[in-house]
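Heads up, the sequence shown is in the numbering used here, so the first residue is 30 and it goes up one at a time.
To start, the structure itself, in structure tokens.
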Amino acid sequence: MWLKPEEVLLKNALKLWVTQKSNCYFILQRRRGHGEGGGRLTGRLVGALDAVLDSNARVAPFRILLQVPGSQVYSPIACGELLSGSDVYWAVATGATLEEIDQHWDWLEQNLLHTLSVFDNKDDIASFVKGKVKALIAEETSSRLAEQEEEPEKFREALVKFEARFNFPEAEKLITYYSCCCWKGRVPRQGWLYLSINHLCFYSFFLGKELKLVVPWVDVQRLERTSNVFLTDTIRITTQNKERDFSMFLNLDEVFKIMEQLADVTLRRLLDNEGFDLDPGLQEPSQITKRDLEARAQNEFFRAFFRLPRREKLHAVLDCSLWTPFSRCHTAGQMFTSDSYICFASKEAGCCKVILPLREVVSIEKMEDTSLLPNPIIVSIRSKMAFQFIELRDRDSLVEGLLARLKLVHADHPVHYDTTLDEELTSPVFHSTSLCSGNHRFGGLEMVSSQNSEDREKETSPLMHPEAFRQSGSQSPDSRTSREQIKVSLWNDHFAEYGRTVCMFRTEKIRKLVAMGIPESLRGRLWLLFSDAVTDLAAHPGYYGNLVEESMGKCCLVTEEIERDLHRSLPEHPAFQNETGIAALRRVLTAYAHRNPKIGYCQSMNILTSVLLLYAKEEEAFWLLVAVCERMLPDYFNHRVIGAQVDQSVFEELIREQLPELAEHMHDLSALASISLSWFLTLFLSIMPLESAVNVVDCFFYDGIKAIFQLGLAVLEATAEDLCSSKDDSQALMVLSRFLDHVKNEDSPGPPIGSHHAFFSDDQEPCPVTDIADLIRDSYEKFGDQSVAQIERMRCRHRIRVLQGHEDTTKQNVLRVVIPEVSVLPEDLEELYDLFKREHMMSCYWEQPRPMAPRHDPSRPYAEQYRIDAQQFARLFQLVSPWTCGAHTEILAERTFRLLDENMDHLIEFKAFVSCLDIMYNGEMNEKIKLLYRLHIPPALTENDRDSQSPLKSPLLSTSRPLVFGKSNGDTIDYQKQLKQMIKDLAKEKDKTEKELPKMSQREFIQFCKTLYSMFHEDPEENDLYQAIATVTTLLLQIGEVGQRGSSGSSSQEGGEELQASAPSPSSEQDLVFADSDAGQSPQEPQAFPEEAQGDWTVSLEHILASLLTEQSLVNFFEKPLDIKSKLENAKLNQYSLKTCEMSRQSQPELKLSSP
């Protein structure tokens, strides 16, 4: 046990300790008199002394010392006493047993030994070790407190530090924290790791240097455990540009699991909401706790291990023992109880597994507690079986909870019995028609044909008929039938001993029977049992019929896709060469698309459903399809087939582990994975002869996706030699296709039906035939050691990579479209995209979703997946726009957003955002002026614009200004000729313009001038720019005056002469355009709006552009090169702080309102 470091003074110089282990930094010692068989006098004396001392004064028998090279002082860091010759030591931990002190020793060797070699100063070594041990003590204390109460004081202290150090909004919930080291090159930085709902944060203050790291979970591309030259076990976080290693955790397994859960939940919540439904406890991110994440991990393992519906919530996991009659003993294991199930799994993998749906349970009773049967309960089911569980803790509360849920289940889904069944077949599903014989009974396993099978409704019978098996194959029909009968007999014996319903004992024996191939007559029914589709079928009577009625006759995109693929589904099979089979397939696929519109219909569902219809009735096939799509192959059949891609990535990792030689030869395993994608999507049905592929489906329904993984590895191993000699991907594809097409099933009673995706031709040399039973047996023997827990952990890890791969694809596609249309460098464009996406994500982190800002939708086109609203745009505009106008910036951002929001949906895409920035940074002067012009006319400028209500009753502009201005050297410039020429030139240019912009009114012109003045503020040439804009403004006012008079009946020439005649003498005092709106207007000043003017005052873009060109300082301002890189760097540093400040400002009014 680690102790708080404290200095202890000891004058005893006796040699009381014996060295057990040592290295260059640490020494493990044992106190004399402990652990010695005989011992010398000193040892006996020490042992006697320790024995007679009070328990509080006894010395721990083991300790570890820190030995700093070059120092004469040994510092005990794991409890004990001081070495002879030393005056001071630090007692840091106790070791009552050798095993306990060995754990401390192993941890120090693995985590600190190699690290200490980095330090040059011996004092730094001692300081680092003591600091690390103190952190471990703090973490142990917080862990114990967290177990005792939900909000321990230590956690509250950590929360205060987290908020102070990283300044996140209150909505950023801290989940947990750990002491650890973050590696920067070869130097470790000791500090604290904070894990919150959206971010991974690290803080260190070491040797006077502060280090802060903030990594959003959505930026994490890889999360893995690895090792380096210094440490044997570290956690590596990989983002787009960096890798960061964290080590020296007290409990690295726990930390890594919490990280995996947080990364998985956050990425799927923000990036994969298309097919991801959060658990109810995780719907509100701000309410997530560490316990919620641990419960979610346990829930997911439970559902994956027993392949139960996603809605099932785990209530309890209890150690117990189950009476197993086949072994005549109690088998130790664990009981799992959930909303609708009681499950059992033995501690010994593969020994025994039981699934008890509560709707099959009749009673749950407590038995008398005895020494032989402690705390027993009996669970009785409808098929007259009973399961005895013993050694259950909290039996009373367990039974009470189970009885309450049992009552709910039976109230929601009352069981309807089929009175025509045999008494021992009480499960309501076992009255379906046999595939080989019309009157087959599941209980007796009879093989007698029914005389009235023709009278049965075609749509409720399996599509495979007995005559389908009467065609000749490579063996005689009698030989095949005898093999089938042997299999049936073996299964009959198994049912008698292990049970025949969904509640059967599932052991290694049944796995071997499944690997041999399920008999044709039992296949459909066992698929229903193994997948537990039988429970859904019994719980929803009439559900499928209602779906068919609701969905048939409706026409939409999904039904069109279904119709297109109907005749591509097993076209070589007789059952789908007529309308009966096609109609059944149409009904099942359409009904499922109606049930689950999130999935709808996906290619490969037609092939799978057609095979299900061969062995099950139509309604049974529907529920089998539900089981496959919604729990056995999660996220496989959606828009992006995320689940299939995740399993492909897992498959690549398994290839590297199990087939390293093949992986070394095939440098790019992604090509091999793309070939194997159809293996997973269709369960080998599309690339293997049907009579062989159904054996694969047998294994899949019993063992889940594990069966497909191990069979895929077996196929690659069998073809490894040919694959290694292949020259390219096409040749590898040919090798695999030829091999799979020659996988035969010698035991099948039906005729051989080849794969309709075969790739070999007759002119090639014959390929050796492989028996499917041998291939499956090899897959179990060589690659069957992967557990469900291992596969689920790999899936979680690879899902991060797959989702980030989709994000990278989206990014590259957006950039590929945008790059040709803008002048921004690609690397800067990439930075802008990251800022744009992060702005979207920050609103998802801390704000309630707004109607105009929907969540990320991966089903939309690439360019529309990330869009931002006006508030988000305003923050980005402030960060990266070169047109910063002080307080006026926010108003300009609002107008820019309205201009870019062409479809008026209050959202803009990345392309529009970048196009606008490109003009600001890289556009020609006329393009920039045009953009500014458009920002000050509708729709950008509205009547309700908060800055557009200028005091027009007391105008800021004077329109009666001279056209002759004084220069500093006394010269004058007459603009009369220039103005007349400009008007003529502009009239000609109008004809060349594709779309003429509307003219600007005086109110809009005021706003235009105001923006220009704001843009020039704090510019190095501010004074010259103000003088130039005053001159240009006067010119434009006179141009507007000309247009105003022209509209009242005067010609442009007469207007010009009148203007010249009325011009007063030059005056330098009249150069100021903007006057103080609060000051009264002098009676000597001319009126701002002459009463004799009858028309509207307007000015056009051409007028403004031509006027601005007359001033070189203005031309220089708009044509000077602008650097976007500095803006981007600043934006990356300040994006979070700007968002936080805005949220704090928004919360202040709420606080004021709530305060008394």
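Note that CB positions come from ideal geometry on N, CA and C, so glycine has one too.
- When DSSP assignments are scanned along the stretch 905–947, the uninterrupted stretches of alpha helix (DSSP H) that are 4 or more residues long and fall wholly within it turn out to be 918–929.
- The Cβ atoms of Arg-59 and Phe-91 sit closer than 7 Å to each other.
- As the crow flies, the alpha-carbon of Tyr-223 is around 14 Å from that of Ala-292.
- Boundaries of the beta strand (DSSP E) around Ser-350: 343–353.
- Residue pairing for Ile-264: DSSP places it in a beta bridge opposite Arg-254, Phe-275.
- Judged by beta-carbon spacing, Ser-367 lies within the 7 Å limit of Lys-342, meaning their Cβ atoms are closer than that value.
- In chain order, Ile-628, Cys-631, Met-634, Cys-658 place their CB closer than 7 Å to the CB of Phe-666, counting only its own chain and leaving out the 5 sequence neighbours on each side.
- DSSP places Leu-662 in the coil class of the three-state scheme, outside both helix and strand.
- If you look at Leu-551, you'll find it isn't in any alpha helix (DSSP H); DSSP assigns it neither H nor E.
- Taking Asp-947 as the centre and dropping the five residues before and after it, the same chain places the C-beta of Val-851, Ser-852, Val-853 closer than 7 Å to its C-beta, in chain order.
- The DSSP assignment places complete beta strand (DSSP E) segments of no fewer than 3 residues inside the stretch 224–255 at 228–235, 238–245, 251–255, in order along the chain.
- Contact between Leu-385 and Ile-371 holds, since their C-beta atoms are separated by about 4 Å, short of 8 Å.
- Straight across, the Cα-Cα distance linking Trp-912 with Met-695 is about 53 Å.
- In the structure shown, Tyr-874 falls within a helical segment according to DSSP collapsed to helix, strand and coil.
- Counting only the Cα atoms, Ser-678 lies some 13 Å from Ile-704.
- Boundaries of the beta strand (DSSP E) around Ile-393: 390–395.
- Out of Thr-263, Asp-664, Ala-604, the CA that lies nearest to the CA of Thr-638 is found in Ala-604.
- The residue from Gly-610, Leu-421, Ser-412 with its alpha-carbon nearest to that of Asp-348 is Leu-421.
- Distance check between Ser-356 and each of Arg-185, Lys-413, Thr-536 places Thr-536 closest, using alpha-carbon atoms only.
- Straight-line measurement puts the Cα of Lys-583 at about 10 Å from the Cα of His-623.
- When secondary structure is reduced to three states using DSSP, Ser-633 falls in the coil class, being assigned neither helix nor strand.
- Taking a 10 Å sphere around the C-beta of Lys-646, we find 16 or more other C-beta atoms and assign the residue as buried.
- With the rule of 3 Cβ pairs closer than 8 Å, the stretch 725–733 does not count as touching the stretch 756–767.
- In the DSSP assignment, Ile-93 falls within the beta strand (DSSP E) that extends over 91–96.
- Ranked by Cα distance from Gln-1036, the options Tyr-54, His-917, Leu-929 are led by His-917.
- Around the beta carbon of Asn-140, 16 or more other beta carbons sit within 10 angstroms, so the residue counts as buried.
- Each residue's CA atom was taken as its position, placing Ala-89 and Arg-218 some 32 Å apart.
- Gly-430 is bridged by DSSP to nothing; it lacks a bridge partner.
- Ser-375 carries a strand assignment under DSSP once its states are collapsed to helix, strand and coil.
- Annotated as distal: Lys-959 and Phe-1147, with beta-carbon spacing of 7 Å or more.
- For Leu-57, the uninterrupted beta strand (DSSP E) segment begins and ends at 55–60.
- Here Ile-407 really is in contact with Met-396; their C-beta atoms are around 6 Å apart, less than 8 Å.
- Relative to the Cα of Asp-398, the nearest Cα in the group Ile-820, Gln-417, Arg-336 belongs to Gln-417.
- Sorting Phe-278, Ile-1133, Arg-927, Asp-863 by C-alpha distance to the C-alpha of Ala-164 places Phe-278 at the top.
- Between Ala-562 and Ala-650, the C-beta gap is not smaller than 7 Å, which leaves the two residues out of contact.
- Glu-394 counts as exposed, since fewer than 16 other beta carbons sit within 10 angstroms of its beta carbon.
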